[in-house]
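*Asks:* Numbering (the working numbering), first residue to last: 36 to 281.
Ideal Cβ positions, reconstructed from N, Cα and C, are used throughout, including at glycine.
The structure follows.
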Amino acid sequence: MKKILYLIILLSASFVTEAQQLILQGKIHYERKENLHKLFTEENEWTNEFKKQLPKYRIDIFELSFNTKRSLYKMEQEFEGNSNILDWFNVAKSNIVSQNIENQKVQAQKVVYENTYQINDSLPKITWKLHNEYRTIAGFSCRKASTIILDSVYIIAFFTDEIPVSGGPESMNGLPGMILGLVVPRLNTTWFATRVDHVSVSDESLVFYPKAKKKINTIKTFLDELKLATKNWGKESGDIIWRSVL
């Protein structure tokens, strides 16, 4: 009888330890890294000269604060570079995205050149495919998943069940754990967590208050407006839309 009781205590302690290791609230710091040189699909004298004036990578730091009910994603540190040269590439560079995990709603502020858009809509439904591939990110074991959005944009994500909150950078959601790594090959851009702070985060601190009253858009109307505004922009039109809607 004593052996059975001892075994039950050991198992209980094991479950408690495992539960204590799960992170249900905190702050995640992401490094968003974009290869600027790959934005040029043609090699000629002009593009080669222009690339000499650009750093190869643009790296911005974003912070995602979260608990089990909400999350708030915003820029923490902007890349320091030649802003005049980089302005053309900075579409939706400083998105603010608030996800209401309980109600499956998203609220966002996105700046696309001279226009500021306020998004208020349901969280996009993303269908993920899970893969038996793992990697460690910021000290967490993460599993690979993939999906396609906007009909053709392939996305790779790495999520961890050690943070059992469905969320991630930008508007990414729908996995059984927090996304700590995100790769969008078509945009030559990656998001990878560099640090996870296990701190208390209140619901109030995750509520998004727009700085100014702007027109409210659903994701669909936002997409329609972007398509109309960039219909004569050629290949750049797709890049701008994908960066903005992500």
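Taking a contact to mean a Cβ-Cβ separation below 8 Å, would you say Ile254 touches Pro159 in this structure?
*Replies:* yes
*Asks:* Measuring alpha carbon to alpha carbon, tell me which of Thr103, Met110, Glu84 ends up nearest Glu137.
*Replies:* Residue Thr103 is the option with its Cα nearest to Glu137.
*Asks:* Within the continuous beta strand (DSSP E) that includes Ile131, where are the two ends?
*Replies:* 131-135
*Asks:* Assuming Leu99 is part of the beta strand (DSSP E), what are its boundary residues?
*Replies:* 92-101
*Asks:* Alpha carbon to alpha carbon, what distance is there between Asp232 and Val188?
*Replies:* 31 Å
*Asks:* Do you know whose CA, among Arg178, Glu260, Lys266, Ala192, lies nearest Thr224's CA?
*Replies:* The residue with the shortest Cα to Cα distance from Thr224 is Ala192.
*Asks:* Count the other CB atoms, across all protein chains shown, that sit within 10 Å of the CB of Glu205; report buried if there are 16 or more and exposed otherwise.
*Replies:* It is buried - the Cβ of Glu205 has at least 16 other Cβ atoms within 10 Å.
*Asks:* Please classify Lys266 as buried or exposed, where buried requires at least 16 neighbouring CB atoms within 10 angstroms.
*Replies:* exposed
*Asks:* Kindly indicate which three-state DSSP category Trp226 falls into: helix, strand or coil?
*Replies:* strand
*Asks:* Just the C-alpha distance for Ser201 and Arg93, rounded to the nearest angstrom, thanks.
*Replies:* 28 Å
*Asks:* With DSSP as the reference, label Ile191 as helix, strand or coil.
*Replies:* strand
*Asks:* Is it buried or exposed for Asn263, if we count other Cβ within 10 angstroms and need 16 for buried?
*Replies:* Just to set this straight, residue 263 is Leu in the shown sequence, not Asn. With fewer than 16 Cβ atoms within 10 Å of its Cβ, Leu263 is classed as exposed.
*Asks:* Buried or exposed for Tyr152, going by 16 or more other Cβ atoms inside 10 Å?
*Replies:* Burial of Tyr152 is indicated by the presence of at least 16 other C-beta atoms within 10 angstroms of its C-beta.
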